[in-house]
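Start counting the sequence shown at 25; every next residue gets the next number (my numbering).
Beta carbons: idealized from backbone N, C-alpha and C, even for Gly.
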Amino acid sequence: MNNTTMLNESTLNGIDIKRQSQTMDAIGKNLSVGEVRLRAVNRWQGGTHTQSRITAFDAAGGHHQHVEEFAVETDLPQAFLGTDLGPAPTEHALQALAACMTTTMIYNCAARGIEVRSVESEVQGDMNAAGFFQLDETVRKGFSGVRIKFDIDANATDEELQQLLQASPLFDVFTNGIPVSIELGEV
């Protein structure tokens with residue numbers, strides 16, 4: 025049996041639906057329970073190479089450690105004078121968008137009793153290096169457009185899937201933007 029389908033009466037799409045229902049009920053009764061703060065510490069490794077460490081987060085009124093520390097490498101390709109030791113930060117952003125849309129959809133499908141048998145997506149982003157090199161102020165520094173194509177086998181209509189995909193936190197960030205503050209000083 026495919027591990028993305030119902031495994032037993034309390035699991036759907038790999039989600040423990042009893043615990044999910046309890047979590048959603050708790051948040052529904054007290055919205056502050058749903059407040060989350062995520063964090064990463066990034067350190068320059070030389071050239072265009074950086075490494076981020078992800079160790080902990082705050083949720084449900086408490087501080088939580090990940091089971092293990094995650095290290096995420098970024099670098100630029102050799103075409104941009106990098107050493108190609110990891111995906112570019114913009115590539116991480118694209119894969120994070122696709123992954124967030126997928127996991128949000130899976131989570132919400134489970135909450136609605138929708139069985140998902142498979143999901144695959146391809147994401148593409150367009151940008152012009154003249155923008156981030158600040159060579160032309162009329163050229164955007166980031167993506168000028170992003171396209172995602174999903175191939176989903178599920179017991180749901182395309183309209184339902186479209187709505188559930190758009191519930192993703194990163195879809196919201198990419199389509200609406202958010203305020204970002206920058207501070208200089210010790211981390």
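(request) Kindly provide the ranges of any beta strand (DSSP E) runs that are 3 or more residues long and lie completely inside the region 60-134, ordered along the chain. (result) 60-62, 65-70, 73-83 and 86-98
(message) In the DSSP output, what is E144 paired with across the bridge?
(response) Here residue 144 is taken as the residue at index 120 of the sequence shown, counted from 1. Answer by DSSP bridge pairing, in chain order: D175.
(message) Mapping the DSSP letters down to three states, classify L31 as helix, strand or coil.
(response) Start at 1 with the first residue of the sequence shown, and residue 31 comes out as number 7. Residue placement at L31 is flagged as unreliable, the pLDDT there being 45, under the threshold of 50; the coordinate-derived value follows with that caveat. In this structure, L31 counts as coil in the three-state DSSP scheme.
(message) Tell me the residue span of the alpha helix (DSSP H) that contains M48.
(response) If you number the sequence shown from 1, residue 48 lands on position 24. Here the alpha helix (DSSP H) through M48 covers I41 to K53.
(request) With DSSP as the reference, please indicate the residues paired to G169 in a beta bridge. (result) Taking the sequence shown and counting its residues from 1, the one referred to as residue 169 is at position 145. For G169, which the question treats as bridged, DSSP gives the partners D150.
(message) Strictly by DSSP, which residues pair up with L36?
(response) As a working mapping, residue 36 is identified with position 12 in the sequence shown. BP columns for L36 point to I39.
(message) With three or more C-beta pairs closer than 8 Å as the rule, is the region 174-185 touching the region 199-207?
(response) no
(request) Put T199 into one of helix, strand or coil per three-state DSSP. (result) Counting from 1 along the sequence shown, the entry for residue 199 is found at position 175. DSSP places T199 in helix when its eight states are reduced to three.
(request) My understanding is that N152 touches V163, with C-beta atoms under 8 Å, so please give their C-beta distance in whole angstroms. (result) Here the question's residue 152 lines up with position 128 in the sequence shown. Here the question's residue 163 lines up with position 139 in the sequence shown. Contact holds; Cβ gap of about 5 Å.
(message) For H90 and G166, what's the separation of their Cα atoms in angstroms?
(response) Your numbering for residue 90 matches position 66 in the sequence shown. Your numbering for residue 166 matches position 142 in the sequence shown. Rounded to the nearest angstrom, the two C-alpha atoms are 31 Å apart.
(request) Go through its chain and collect everything with a Cβ distance to L105's Cβ below 7 Å, but skip five positions before and after it. (result) Residue mapping note: residue 105 aligns to position 81 of the sequence shown, counting from 1. Taken in chain order, the residues that qualify are T72.
(request) With DSSP as the reference, label V204 as helix, strand or coil. (result) In the sequence shown, counting from the first residue as 1, residue 204 sits at position 180. Coil at V204, not helix or strand.
(request) Using 10 angstroms around the beta-carbon of L100, count the other beta-carbons present and answer buried if the total reaches 16, otherwise exposed. (result) Position 76 of the sequence shown, counting from 1, holds the residue named residue 100. That one is buried.
(message) With a threshold of 8 Å on Cβ separation, who are the neighbours of T35 within its own chain once the five nearest residues in sequence on each side are excluded?
(response) Counting from one through the sequence shown, the residue named residue 35 turns up at place 11. Closer than 8 Å at the Cβ level, and outside the excluded window around T35, lie I41.
(message) Taking 8 Å as the cut-off, is the C-beta of L189 nearer than that to any heavy atom in the ligand ZN?
(response) Absent from the structure shown: the ligand ZN. Ligands present: none.
(request) Could you check what DSSP says for V163 in three-state terms: helix, strand or coil? (result) Sequence index remark: in the sequence shown, residue 163 carries index 139 (1-based). Coil, per DSSP.
(message) Between the alpha carbons of V140 and W68, how many angstroms are there, rounded?
(response) To locate residue 140, count along the sequence shown from 1; it is residue 116. To locate residue 68, count along the sequence shown from 1; it is residue 44. V140 and W68: Cα-Cα distance of roughly 40 Å.
(request) Rounded to whole angstroms, what's the CA-CA distance from T114 to I78? Just pull it up for me. (result) On the sequence shown, position 90 is the one that residue 114 refers to. On the sequence shown, position 54 is the one that residue 78 refers to. Distance between the alpha carbons of T114 and I78: 18 Å.
(request) Would you kindly work out how many angstroms separate the C-alpha atoms of D196 and H116, rounded to a whole number? (result) On the sequence shown, residue 196 is found 172 positions in, with the first residue counted as 1. On the sequence shown, residue 116 is found 92 positions in, with the first residue counted as 1. Whole-angstrom Cα-Cα distance: 17 Å.
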